[in-house]
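Residue numbers for the sequence shown follow this note's numbering, beginning at 129 and rising by one.
Have a look at the structure below, then the notes.
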Amino acid sequence: VTIRPGGQVGTHVAHPGVANDLVPGTEKRYHAYYQWVPFMLFFQGVLFYMPHWIWKNWEEGKVRQLTEGLRGGNILMGQEKTARTTRLVQYIVDSLHRHNIYATGYYLCEVFNFINVIGNIFLIDKFLGGAFMTYGTEVIKFARQNQEMRTDPMVAIFPRVTKCTFHKYGPSGTIQRHDTLCVLALNILNEKIYIFLWFWFIILGVLSGLALLYSTAIVLLPSIREIILIRRFRFGTPAGVSALIRKTQVGDFLLLHFLGQNLNLLVFGELLDELSRKLHLGNNIPTAPSTLELSPMYPSSKLRLHMETEA
């Protein structure tokens, strides 16, 4: 009964929200959705898996194939590593400006991720009769209230005890109406699941929104791509990185970005150095990490030769 959800138990109502409907204007609320909760959760799980499935089929394991032998604990050594790096650089040069569709698929999956989170919030709100939007805030308020004066908002959505009406034939064949109470033990679990989902969707929405803004900035602002190469991968001088960004498009950068996430930092630095030479950008782009960071690893004669070459 919606007009008396906060009535005093034992005095005004039998249980929270459970009372007679003799008062004029009394509105009954029928709780049928609780039995569909497992199916709803499964459907939502499929929705959240879809962007991952789409991207995996779109990407087709390209990065894994390109970095085979150059990542993790299976890094090749010596001439084999050099040959594999050279072939990878040659592939990037030969396929330059042909990865924009690849990048489009990734960006659309980012958009799908964000829409998925927001759409699921509204889907659950519709499923629970418009009570999900304020569910988390109501629970927080409930936790701060005096125990003797508060009404549990979780009980209003997932009641543990409800009013049930059974119809059965009487001794003479007439249908009799029996009013009784039903215990919905499953709702004890359901209320915890959806309070977790409320906070989890807030976190996912914020993270997905930030990821979408980050991807949008990469697409629209070449300066962001330069900052990523310089700061994240500690690669190059500003002039050299700008030249590399001008030579490449968004799809090429995204591929390099993924390679940088999967390759050892030194290997990735060698790859970018070789790529800059292949693209005739000059030798003013040092490998990552910078020469200054690796100076203790170089013999002094080799370091002097390197400095003289740069001069």
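Each residue gets a CB set at the ideal place from its N, CA and C atoms; glycine is no exception.
Note that this is a predicted model, so its numbers are computed, not measured.
- Task: Quick one: residues in its chain with C-beta nearer than 7 angstroms to the C-beta of LEU332, no 5 flanking neighbours on either side, listed in chain order?
- Result: VAL245
- Item | GLN377 to PRO350 span [Cα, whole Å] | 9 angstroms
- Task: Count the other CB atoms, across all protein chains shown, that sit within 10 Å of the CB of ASN116; report buried if there are 16 or more and exposed otherwise.
- Result: The structure shown has nothing for residue 116, since the chain only spans 129 to 439.
- Item | N- and C-terminal bounds of the alpha helix (DSSP H) containing GLN193 | 190 to 194
- For GLN377, three-class secondary structure by DSSP: coil
- Excluding sequence positions up to five away, which residues of its chain have a Cβ less than 7 angstroms from the Cβ of TYR235? SER343 and VAL347
- Does the distance from the C-beta atom of PHE250 to that of TRP326 stay below 8 angstroms? no
- For HIS385, which three-state DSSP category applies? helix
- Between ALA231 and the ligand PLP, is the CB less than 7 angstroms from at least one heavy atom? For the ligand PLP, the structure offers nothing, since it holds no ligand at all.
- Message: Can you check which of these residues, THR290, VAL267, GLN218 and TYR219, is closest to VAL311 by C-alpha distance?
- Response: THR290
- Task: Would you tell me roughly how many angstroms separate the C-alpha atoms of ARG405 and SER223, rounded to the nearest one?
- Result: 16 angstroms
- Message: Once DSSP output is grouped into helix, strand and coil, what is the label at THR344?
- Response: helix
- Task: Starting from the C-beta of LYS209, find all residues in its chain whose C-beta is less than 6 angstroms away, skip the five residues before and the five after it, and write them out in chain order.
- Result: none
- Between LEU399 and TYR230, is the Cβ-Cβ spacing less than 8 angstroms? no
- Task: Could you spell out the range, first to last residue, of the beta strand (DSSP E) harbouring ARG305?
- Result: 303 to 311
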